[in-house]
Structures are given as structure tokens and as C-alpha cells.
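Peer 1:
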Amino acid sequence: MTQQHNTHAIVIGGSLAGLWTARVLSDHFDRVTILERDQFPEGAAHRPGTPQDKHIHILLERGATIMNKLFPGIGEELLAAGASHIDLTLEARTKMRGHWMPRFASGRKSYACSRILLESMIRSRVAGLPNVMLRGGARVQGLVTQGERIIGVRVRWREDGEEHFESADFVVDASGRGSKTPHWLAALGYAQPEETVIDARLGYASRHYRAPQGTSFDWHTLGVGQYAPDQTRAGLIFTAEDGHWMVLLAGIMGDYPPTEPDAFNAFAKEIDPKFYAALQSAEPISNIVGYRRTENRWRHYERLERWPDRFVVIGDATCGFNPIYGQGMTVAAIAAEALDKAFRRARGRIDGVGQRYQNDYAKVADPAWLLSASTDLEWLGQSSATKPAERFAGWYMPKLLDTVVFDRTVHLAFIGVINLSEPVTSLFRPTIVARVLRHWWQTRKQQDSAEMTSASVPLHA
Ligand SMILES: Cc1cc2nc3c(=O)[nH]c(=O)nc-3n(C[C@H](O)[C@H](O)[C@H](O)COP(=O)(O)OP(=O)(O)OC[C@H]3O[C@@H](n4cnc5c(N)ncnc54)[C@H](O)[C@@H]3O)c2cc1C
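Number 470 marks the last residue of the sequence shown (this note's numbering); no jumps.
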């Protein structure tokens with residue numbers, strides 16, 4: 010607990026990063042207020058501030074573990090509401106790098122349900138905390154400082170259109186990719202953060218379908234992945250909590266999936282025959298919604314020399330990932346856990362936690378960044394890498410992914426890492442590297458001998 014009395018923390022943004030963070034801060038502050046510009050809907054419903062909630066979301070194993078720790082019993086509540094807790098290696102049928110993957114139990118489970126269900130259940134748990142208040146219709150307009158310390162925020166309330174000052178002992182910006190912190194800091198005389206952007210120009214188009222009646226499928230999820238350099242199109246069919254299918258088409262390198270029905274179908278047809286056949290057996294029941302703001306974008310607040318005390322930026326507001334890898338909610342959960350640790354280490358002191366934490370945040374985001382960026386670099390080319398680790402991962406990851414398809418040991422290691430449960434370094438263990446390089450070498454030898462054979466065939470043969 011804090012040494013001061015009646016301490017108050019403000020969290021800007023009431024989406025996933027804001028909710029995880031508010032839960033954690035409720036253990037360290039007397040009061041926590043979430044300020045969200047949207048009015049919160051009743052139950053599981055869409056709201057404008059989270060346009061991504063119309064698209065498939067999966068909570069990876071590490072995020073699921075943290076969720077169950079922060080909100081004991083919530084996993085069962087989700088299952089009772091129709092969510093699935095699935096081993097994607099077993100219950101998904103997945104085509105990766107042009108091959109249908111072997112199915113086996115990896116022991117790693119993710120939560121699969123609509124994003125609106127997940128967010129509403131977490132929100133209702135947070136709303137039930139005695140010292141947390143959720144306030145909708147509150148658009149934060151700026152930060153307020155005293156000396157080098159943040160002492161609150163300026164808020165415009167929807168109900169009266171007036172701007173008010175809300176005081177706080179600690180402020181967290183969890184306002185997503187559109188965060189105004191760079192401008193707010195500039196207005197207070199602070200430097201703007203450097204940004205790293207890796208943009209493979211991926212687009213989403215999603216539609217709901219009524220699953221075919223009387224036909225049973227041996228999968229919960231059917232997915233076909235992109236495969237550089239030619240297969241720019243990917244598709245995913247995912248069984249939501251109401252039994253309907255959520256269908257996602259994705260295209261990379263500017264091959265954006267269309268939102269007009271005939272063109273949507275034509276795009277789907279080019280993904281894979283099995284995928285297309287499944288889609289054709291189902292009945293569309295919604296319009297098609299597109300999404301294109303998918304670049305990996307890191308605002309490097311950790312590099313700023315001057316930083317206002319008692320303030321942190323968390324979630325997509327700091328580091329947003331290409332969503333196709335399903336990492337954002339889990340990274341935000343890991344970041345909230347790290348903030349909890351930072352306050353525990355500080356033993357009741359608030360001063361200094363913010364700046365130290367912003368450095369911790371970089372360590373939290375780095376593994377997910379490396380996975381996401383290196384996979385996109387296969388499309389963009391190594392010259393788009395911004396640091397040596399990215400360049401090396403960009404060279405190694407495609408070889409690892411080629412091996413995953415055929416080698417269960419490498420596959421298992423990979424599944425642990427992409428679930429953010431195991432460190433990325435585990436993909437560089439000597440046993441894994443040896444398997445990857447052996448597979449790469451054998452494939453090259455086969456390709457070379459195939460080329461030599463075709464080159465030596467006489468033209469008139
Ligand atoms: C298409 C798509 C698919 C995705 N799929 C997955 C997935 O499968 N798995 C996964 O883990 N992640 C996925 N993500 C990422 C995930 O949605 C985010 O990482 C997650 O929501 C955490 O984001 P956030 O809370 O930081 O920001 P956001 O979710 O963007 O929320 C920001 C919140 O701040 C509010 N806000 C903004 N400005 C203000 C202001 N000035 N004052 C008050 N409130 C404000 C907004 O209204 C909003 O509620 C996906 C993202 C997209 C775009």
C-alpha cells in the first residue's frame with residue numbers, strides 16, 4: 010500500500026490495456042478512475058473506440074494465465090458464456106507455408122471468443138472492484154504538470170461539453186494507437202519520442218456466417234496463413250460463442266481484401282480450395298467490415314532523457330503490433346503484471362516508478378516485437394530492419410518456420426514462444442538451431458539437385 014493517504018490513479022482508456030492496468034493499480038492506490046471517451050455499453054456490445062472488436066481476437070496462453078490470476082474464476086465464466094479454451098495445435102486445422110500442419114496436443118491453450126464478450130466480462134469484473142470507478146463519456150484532452158510531475162489530466166465530459174481538471178497521483182495512458190501523448194508532452198515542453206514503424210500493409214475484412222446445419226467439422230478454427238513471397242492472402246474461420254462463424258480474410262503487402270460481397274468471395278477463392286469450400290457451405294449473416302491500421306509501431310518513450318514523473322504509457326499507445334499475430338491483449342496483460350511488480354518493488358513510493366517502468370515496458374514489448382517484426386520482414390526485406398536483432402531474426406525466422414512444418418520438437422518450441430509463454434531465446438537454443446539449420450541445408454541440397462536434374466534434361470527428351 011502507498012504511504013500517502015487517499016491516493017488516486019487515473020487510467021486513460023477503458024479497453025483491454027486500461028482494464029488490466031486498473032485491476033493492478035487497485036492493489037496500490039486507494040482509488041482508481043478509468044476515463045473512457047466512449048459511453049460503456051451494457052454487456053457485450055460494440056463501441057466506436059474499439060473498431061477492432063468486429064474482428065477475430067484470440068487471447069494467447071500467457072495472457073490467459075495472467076487473466077485468470079488477476080480475476081480468479083473468470084475463465085470458467087467465459088466458458089459458461091460460450092467461449093472456448095482450445096489447444097490451437099490440436100483443435101485448429103492450419104495450413105502454414107503451403108502445408109497442412111500435423112495436429113497434436115501441445116498442452117498450450119488460448120481463449121477463443123468474440124472480443125466484445127471478452128472485454129465485457131473483464132470490464133464487469135473491474136467495475137465490481139470497490140475502489141475502481143469506470144467513467145464513460147470522458148475524453149482526456151491533455152496532461153497537467155507541477156514542476157516535473159504529472160498531477161492530473163484535463164477532461165472534456167460529454168454530458169456538459171465542459172473541460173475540467175481531474176487530479177491524480179499517477180496517470181496511465183492506455184488510449185491505444187491514436188494516443189495523443191506525443192502532442193501532450195510537446196505542449197508541456199518535453200521531446201517527442203522516436204518511432205520505429207514496420208509496415209507490411211496488411212488489411213483485414215471480416216464477416217459473420219451461420220455455420221452449415223447438419224454438417225460437422227473436425228475443427229474449431231480453420232486457418233490458412235500467408236507465405237512469402239507469393240501467397241499474400243490468408244483466411245481464418247473461427248467458431249464464436251454463439252456457434253456462428255467469424256470469417257477473416259487478410260491480405261499483406263497492400264493486397265487488401267475487399268468489403269464488397271462478390272469481390273470478398275473471389276478473394277477467398279484464391280486462398281485455398283478447402284477454405285473456400287467451407288465458406289461456401291455457410292450462409293453470410295452480416296455485412297463485411299474492413300480494417301487497415303495494422304503496422305508495427307513503437308513509440309520509444311524509454312529513450313527520452315526527460316520524462317515527467319508519475320506517468321506511464323502502456324498497451325498499443327506505446328507499442329502496437331501487426332494484429333495478425335494476436336499479441337496485443339497479451340502484451341498489455343504482461344505489461345500490467347510488470348507495473349504491479351514495479352509498484353511492489355517501490356514499497357509504497359510513487360515517485361520514480363513511472364520512469365523506471367517505461368524502461369521495463371521496453372523489455373516487455375521486445376519479444377513480441379521481434380516475432381512480429383521479423384515475420385513481416387520476410388515480406389519487406391532485411392533492409393527494412395531497424396536493428397541487428399531484427400535483421401538476424403528476419404534471416405532466421407523463415408528458416409525456423411519452414412522447419413516447424415516438419416519437425417515436432419521445433420514446432421513445440423515455436424508454439425510456446427508465439428503464445429508468449431516461453432522466451433524468444435528458446436528458439437535459439439543449440440538443439441533448435443541445429444534442427445533448423447539441418448532442415449534448411451537438406452532443403453537447399455534437394456533444390457540444388459532438382460535444378461541440376463532439370464538443367465541436364467536434353468531439350469528434345
Ligand atoms: C483487427 C485487429 C485484430 C486484433 N486481434 C488481436 C488478437 O487476436 N489478439 C490480441 O491479443 N490482440 C489483438 N489485437 C490487438 C488488441 O485489439 C489490442 O492490443 C488491445 O485492445 C489492447 O489495446 P489498448 O487497450 O492498448 O488500446 P485500444 O484497444 O485501442 O483502446 C484504447 C481505448 O482508449 C480510448 N480512448 C482513446 N483516446 C481517448 C481519450 N483521449 N480519452 C479517453 N479515452 C480514450 C478508446 O476509446 C479505447 O477504448 C487486434 C487488433 C486489431 C486492430
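Think of the CB as a built atom: it goes at the ideal place given N, C-alpha and C, for glycine as much as any other residue.
Between the Cα of ASP239 and those of VAL419, ARG106 and ALA382, spot the shortest distance and give me the residue it belongs to.
Peer 2: Sequence index remark: in the sequence shown, residue 239 carries index 230 (1-based). The residue with the shortest Cα to Cα distance from ASP239 is ARG106.
Peer 1: Nearer than 6 angstroms: is that true of the beta carbon of THR47 relative to any heavy atom of ligand 1?
Peer 2: In the sequence shown, the residue the question calls residue 47 occupies position 38. The identity of residue 47 in the sequence shown is Asp, whereas the question assumes Thr. Yes; taking the cut-off as 6 angstroms, the Cβ of ASP47 has a heavy atom of ligand 1 nearer than that.
Peer 1: Out of curiosity, what's the CA-to-CA distance linking VAL419 and GLU387?
Peer 2: Within the sequence shown, residue 419 is the residue found at index 410, counting from 1. Within the sequence shown, residue 387 is the residue found at index 378, counting from 1. Going from the Cα of VAL419 to the Cα of GLU387 covers about 19 angstroms.
Peer 1: Short of 8 angstroms in beta carbon distance, which residues of its chain neighbour PRO57, apart from the five on each side in sequence? Order them along the chain.
Peer 2: For the purposes of this step, residue 57 is identified with residue 48 of the sequence shown, where counting begins at 1. Around PRO57: ASP47.
Peer 1: For ILE95 and ASP385, which I take to be in contact (beta-carbon distance under 8 angstroms), what is that distance rounded to the nearest angstrom?
Peer 2: Locating residue 95 in the sequence shown gives position 86, counting from the first residue. Locating residue 385 in the sequence shown gives position 376, counting from the first residue. At roughly 26 angstroms, the Cβ-Cβ gap does not stay under 8 angstroms, so ILE95 and ASP385 are not in contact.
Peer 1: Which two residues bound the contiguous alpha helix (DSSP H) that contains PHE375?
Peer 2: Indexing the sequence shown from 1 puts residue 375 at position 366. The question names Phe, but residue 375 is Asp in the sequence shown. 362–389 is the extent of the alpha helix (DSSP H) around ASP375.
Peer 1: Would you identify the three-state DSSP class for PRO267, choosing helix, strand or coil?
Peer 2: Locating residue 267 in the sequence shown gives position 258, where the first residue counts as 1. Correct three-state label for PRO267: coil.
Peer 1: Between the Cα of VAL21 and those of PRO266, ARG144 and ALA53, spot the shortest distance and give me the residue it belongs to.
Peer 2: The residue given as residue 21 occupies position 12 in the sequence shown. Rather than Val, the amino acid found at residue 21 in this sequence is Ile. Considering only alpha carbons, the answer is ARG144.
Peer 1: Closer than 6 angstroms by C-beta to ASN305: which residues in its own chain qualify, once you throw out the five before and the five after it? Chain order, please.
Peer 2: Translated into positions along the sequence shown, residue 305 becomes position 296. Hits under 6 angstroms: ILE207, PHE330, ASN331, SER381 and ALA382.
Peer 1: Using 7 angstroms as the threshold, is the C-beta distance between ILE471 and ALA31 below it?
Peer 2: The shown model of the chain, from 10 to 470, leaves out residue 471, and the question about it has no answer.
Peer 1: Between which two residues does the alpha helix (DSSP H) holding TRP29 run?
Peer 2: Along the sequence shown, read from residue 1 onward, the residue named residue 29 stands at position 20. Taken as a continuous stretch (DSSP letters only), the alpha helix (DSSP H) holding TRP29 covers 25–34.
Peer 1: How far does the alpha helix (DSSP H) with THR327 in it extend, from its first residue to its last?
Peer 2: Sequence index remark: in the sequence shown, residue 327 carries index 318 (1-based). No alpha helix (DSSP H) contains THR327, which DSSP labels as neither H nor E.
Peer 1: Could you tell me the boundaries of the beta strand (DSSP E) in which PHE401 lies?
Peer 2: Your numbering for residue 401 matches position 392 in the sequence shown. It is not in any beta strand (DSSP E) - PHE401 instead sits in the alpha helix (DSSP H) that spans 397–413.
Peer 1: Check whether the Cβ of ARG148 lies closer than 6 angstroms to any heavy atom of ligand 1, and answer yes or no.
Peer 2: The count along the sequence shown starts at 1 and reaches residue 148 at position 139. Yes; taking the cut-off as 6 angstroms, the Cβ of ARG148 has a heavy atom of ligand 1 nearer than that.
Peer 1: Identify which residue in ARG165, VAL41 and ASP375 has its Cα closest to the Cα of PRO139.
Peer 2: Along the sequence shown, one-based indexing puts residue 139 at 130. The option with the nearest alpha carbon to PRO139 is VAL41.
Peer 1: Here's the rule I'm using: 16 or more other beta-carbon atoms within 10 Å means buried, otherwise exposed. How should GLU460 be labelled?
Peer 2: The residue you call residue 460 lines up with position 451 of the sequence shown. Per the 10 Å Cβ criterion, exposed.
Peer 1: Let me check one thing: in DSSP terms, what residues is VAL256 bridge-paired to?
Peer 2: By one-based count along the sequence shown, residue 256 stands at place 247. Answer is ARG216 and ILE246, bridged to VAL256.
Peer 1: With DSSP run on the structure shown, which of helix, strand or coil describes HIS469?
Peer 2: Within the sequence shown, residue 469 is the residue found at index 460, counting from 1. Summary for HIS469: the model assigns pLDDT 45, below 50, so the residue's position carries little reliability; its value from the coordinates is reported in the next sentence. Three-state DSSP puts HIS469 in coil, outside helix and strand.
Peer 1: For ligand 1, any of its heavy atoms closer than 6 angstroms to the Cβ of ASP325?
Peer 2: For the purposes of this step, residue 325 is taken as residue 316 along the sequence shown, with counting starting at 1. Checking the Cβ of ASP325 against ligand 1 gives yes.
Peer 1: Where ILE427 and PRO270 are concerned, what is the direct C-alpha to C-alpha distance, given to the nearest angstrom?
Peer 2: In the sequence shown, counting from the first residue as 1, residue 427 sits at position 418. In the sequence shown, counting from the first residue as 1, residue 270 sits at position 261. Straight-line Cα distance between these residues: approximately 33 angstroms.
Peer 1: If the criterion is Cβ atoms closer than 7 angstroms, does the pair ASP318 and ARG158 meet it?
Peer 2: Taking the sequence shown and counting its residues from 1, one reaches residue 318 at position 309. Taking the sequence shown and counting its residues from 1, one reaches residue 158 at position 149. Against a cut-off of 7 angstroms, the Cβ pair of ARG158 and ASP318 comes out as a contact.
Peer 1: Specify whether the segment 116–133 and the segment 86–103 touch according to this definition: at least 3 beta carbon pairs, one from each stretch, less than 8 angstroms apart.
Peer 2: With a cut-off of 8 angstroms, the segment 86–103 and the segment 116–133 count as touching, because enough Cβ pairs lie within range.
Peer 1: With a CB to CB cut of under 6 angstroms and the five nearest residues on each side skipped, what residues in its chain are close to ARG186?
Peer 2: Numbered from its first residue, the sequence shown carries residue 186 at position 177. The answer, listed in chain order, is ASP325 and GLY329.
Peer 1: DSSP has VAL162 in a bridge; who is on the other side?
Peer 2: Counting from 1 along the sequence shown, the entry for residue 162 is found at position 153. In DSSP, VAL162 forms a bridge with LEU152 and GLU175.
Peer 1: The alpha helix (DSSP H) with MET142 in it runs from where to where?
Peer 2: In the sequence shown, the residue the question calls residue 142 occupies position 133. Where MET142 is concerned, there is no enclosing alpha helix (DSSP H), although the beta strand (DSSP E) it sits in stretches over 141–144.
Peer 1: Tell me the DSSP secondary structure of ASP318 in three-state form.
Peer 2: Here residue 318 refers to the residue found at position 309 when the sequence shown is read from its first residue. Strand.
Peer 1: Would you call the segment 207–221 in contact with the segment 247–262, where contact means no fewer than 3 C-beta pairs closer than 8 angstroms?
Peer 2: Yes, the segment 207–221 touches the segment 247–262.
Peer 1: By a C-beta neighbour count over all protein chains shown, 10 Å radius and 16 as the cutoff for buried, is SER290 buried or exposed?
Peer 2: The residue you call residue 290 lines up with position 281 of the sequence shown. With fewer than 16 other Cβ atoms within 10 Å, it is exposed.
Peer 1: At which residues does the alpha helix (DSSP H) containing ARG40 begin and terminate?
Peer 2: By one-based count along the sequence shown, residue 40 stands at place 31. Looking at the DSSP string, ARG40 is not in any alpha helix (DSSP H); the run it does join, the beta strand (DSSP E), is 40–44.
Peer 1: Would you identify the three-state DSSP class for THR16, choosing helix, strand or coil?
Peer 2: Walking along the sequence shown from the start, residue 16 turns up at place 7. Correct three-state label for THR16: coil.
Peer 1: Give the straight-line distance between the Cα atoms of ALA200 and LEU421, rounded to the nearest whole angstrom.
Peer 2: The count along the sequence shown starts at 1 and reaches residue 200 at position 191. The count along the sequence shown starts at 1 and reaches residue 421 at position 412. Straight-line Cα distance between these residues: approximately 44 angstroms.
Peer 1: Please name the residue or residues paired with MET105 in a DSSP beta bridge.
Peer 2: Counted from its first residue, the sequence shown places residue 105 at position 96. Note: MET105 sits in a beta bridge opposite HIS108.
Peer 1: Would GLY390 be called buried (16 or more neighbouring beta carbons within 10 Å of its own) or exposed?
Peer 2: Numbered from its first residue, the sequence shown carries residue 390 at position 381. Exposed.
Peer 1: Can you tell which of THR462, THR412 and ASP457 has the C-alpha that lies nearest to the C-alpha of THR440?
Peer 2: Locating residue 440 in the sequence shown gives position 431, where the first residue counts as 1. Ranking the options by Cα distance to THR440, first place goes to THR412.
Peer 1: Once DSSP output is grouped into helix, strand and coil, what is the label at LEU127?
Peer 2: Within the sequence shown, numbered from 1, the residue matching residue 127 stands at position 118. Three-state result, LEU127: helix.
Peer 1: Take SER184 and list the residues in its own chain whose beta-carbon comes closer than 6 angstroms to its own, dropping the five residues that flank it on each side.
Peer 2: Stepping through the sequence shown from its first residue, residue 184 is reached at position 175. Around SER184: ILE21, GLY22 and ALA326.
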